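Using my numbering, the letters of the sequence shown map in sequence onto residues 11 to 126.
Shown next, in structure tokens, is the structure this report addresses.
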Amino acid sequence: QVQLVESGGGLVQSGGSLGLSCAASGSISSNNAMGWYRQAPGKQRELVALIGSSGTIDYADAVKGRFTISRGDAKSTVLLQMNSLKPEDTAVYYCRYTDIWGRQYWGQGTQVTVSS
């Protein structure tokens, strides 16, 4: 079993910055694919950023140039630095971990609210 704990959400003004952190524990392997997704009210959950097991990185078009995903010092940790935040970035942000068998695990989510 894998547990994910997210932290770092909150309220910020438009144009501001926030950093999110996600730590995986349990039956994990270092450098497995991890990513961030978000879900706004009334919308489907969508990809924000993903870092693969080989280090490849993918971003949603809406966040390219503003958000940066990286691994923490512990390779089972993934960070998301969000700059130039916009009101449309308001959502619950979820961390996802994929194990070596392709099973996906989700964190409980952390709220990010950007005021205009």
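Just so you know, even glycine gets a beta-carbon here, dropped at the ideal spot from N, CA and C.
Note that the structure is predicted; figures quoted are calculated from it, not measured.
When DSSP states are grouped into helix, strand and coil, ALA43 belongs to the coil group. Between GLN49 and ALA101 a beta carbon distance of about 6 Å is seen, short of the 8 Å cut, so the two are scored as contacting.
Rounded to whole angstroms, the Cβ separation of SER63 and ALA43 is 5 Å, and the two are in contact under 8 Å. Short of 7 Å from the beta carbon of GLY36, and not among the five residues preceding or following it, lie these beta carbons of its own chain, in chain order: GLN11, VAL12 and GLN13. With a cutoff of 8 Å on beta-carbon distance, ARG81 and ILE61 are scored as near each other. Assigned with DSSP and collapsed to three states, ASP68 falls in strand. Contact between GLU16 and LEU30 holds: CB atoms are separated by about 6 Å, below the 8 Å threshold.
The continuous beta strand (DSSP E) containing TRP116 extends over residues 114-116. Out of THR123, LEU90 and SER40, the CA that lies nearest to the CA of ASP68 is found in LEU90.
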